[in-house]
Amino acid sequence: MRVAFLGNNEFSRIVLDRLIKSGHFVVCVVASPDKEVGRGKKVVKSDFKNYVDSKKIPLLSFKNVSKDGEEAIRSFMPDVLVTASFGQILRENILNLAPYGVINVHASLLPKYRGSAPVNYAIINGERETGVTIMQTALSLDSGDIILSKSLDILEDENALELTNRLAYLGGEALVEALDKMESGDFTLTKQDESLATTYKKLDKNMSYINFDKSVKEIKNFVRALIPWPIARVKYNGGDILVYESKSYNNDENIDLSSFHNGDIVEASSKKGLVVKCRDGLVRLSKIQIAGGKVLEDKAFLNGRKLEIKTNLMLGESK
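Residue numbers for the sequence shown follow numbering that gives the first Met the number 0, beginning at 0 and rising by one.
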């Protein structure tokens, strides 16, 4: 099939790479404009676009593909459009542009986890399994008919970046299988059960503060779910400490926790690390960073740096 591919990031690149290696022909790739970075507001070409250029595939770029991209894409005469982590809402003119319409590679087992952050919320919610869904794109968010799904187990210590990459490889395989089925006519479309649908809000920095009223397990899930962005964090001394890893901490010393509140620092030393009280015991913030600093193991971070015991990391102040 002649495929117009729409994507923007590493997930997109992995899926596209598998598509290129299949028997289907990628006629063009569509991406969003590059962003300005740094103080100088310099526009830097994305890794995804550099990859497309290396494959010598025609590359189009639109801030609003539904408004500005219809005729340019149509000129390549695609049989189908494929989106994978594209991030733009497509209007009816684009959905109806090609004979087979638009299909999407979505990183969840729909109808669960519709929206822009399915991998993150699956980890936050402690799911044991997730997967990818190849679906026909409809006007309503992630509500189109399902062509096929593939599942995989979520590993215990896997963060969102690692899981996303594994899902991208699975998504590439699923996409090629779906295109093969569509080309042969040997496929069925399955309606989504709306009663099972779940949708979560977009990630942002305001939701990245750790709630120590949660359990050790819930905190661990939250921390690994927010990698590589926006990164879990706590409040301390008027600023934030970013948290890249957390672990359970056994209270072998039988510390009396009766005077500690959830969120209070219980231990802070280069020998024991940064230990905080939470709902069901103690959690160690084992890999952390302050603004402008390196990501360090908590014990190395606390070598020569003092954090006050009983400072509450949800409030950012001592009680």
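Where a beta carbon is used, it is the ideal one built from N, C-alpha and C, also for glycine. Values in this document were obtained by computation on a predicted structure and should not be read as measured data.
- When secondary structure is reduced to three states using DSSP, Phe85 falls in the coil class, being assigned neither helix nor strand.
- For Leu281, the closest C-alpha among the options Val36, Asn249, Gln288, Asp141 is that of Asn249.
- In summary, Phe24 is exposed, with fewer than 16 beta-carbon neighbours lying within 10 Å of its beta-carbon over all protein chains present.
- Within the region 58–103, the runs of alpha helix (DSSP H) at least 4 residues long that lie entirely inside it are, in chain order, 64–67, 69–73, 91–94.
- For Tyr168, the secondary structure class from DSSP, reduced to helix, strand or coil, is helix.
- Looking at the backbone, the Cα of Asn164 and that of Thr136 are separated by about 22 angstroms.
- Pairwise C-beta distances place the region 181–201 in contact with the region 103–117, as three or more of them are shorter than 8 angstroms.
- As far as DSSP is concerned, Phe10 takes part in no beta bridge.
- Asp152: member of the beta strand (DSSP E) spanning 145–152, first to last residue.
- Checking the DSSP bridge columns, you'll see Phe24 partnered with Arg1.
- Spatial neighbours of Glu176 in its own chain (CB-CB distance under 7 angstroms, excluding positions within 5 residues in sequence) are listed in chain order as Leu147.
- Take the alpha-carbon of Ile230 and the one of Ile209: they are about 10 angstroms apart.
- Here the C-alpha atom of Lys270 lies approximately 44 angstroms from the C-alpha atom of His105.
- Taking a C-beta distance under 7 angstroms as the contact criterion, Ser11 and Phe47 qualify as a contact pair.
- Going by DSSP, Lys216 is part of the alpha helix (DSSP H) stretching over 215–224.
- Residue environment analysis places Met134 among the buried positions, since at least 16 neighbouring C-beta atoms fall within 10 angstroms of its C-beta.
- Thr197 sits in coil when the DSSP states are folded into three classes, being neither helix nor strand.
- Leu174 places its beta carbon 7 angstroms or farther from that of Thr82.
- If one requires a minimum length of 3 residues, the beta strand (DSSP E) runs lying completely within the region 211–299 are 231–235, 238–247, 264–268, 272–277, 280–289, in chain order.
- Taking C-beta atoms as the reference points, Ile254 and Leu306 fail to come closer than 7 angstroms.
- In this structure, Asp212 and Asn261 form a Cβ contact; the two beta carbons are roughly 5 angstroms apart against a cut-off of 8 angstroms.
- Within its own chain, the residues whose Cβ lies closer than 7 angstroms to the Cβ of Lys111, once the five positions on either side in sequence are excluded, are Leu195, Thr197, listed in chain order.
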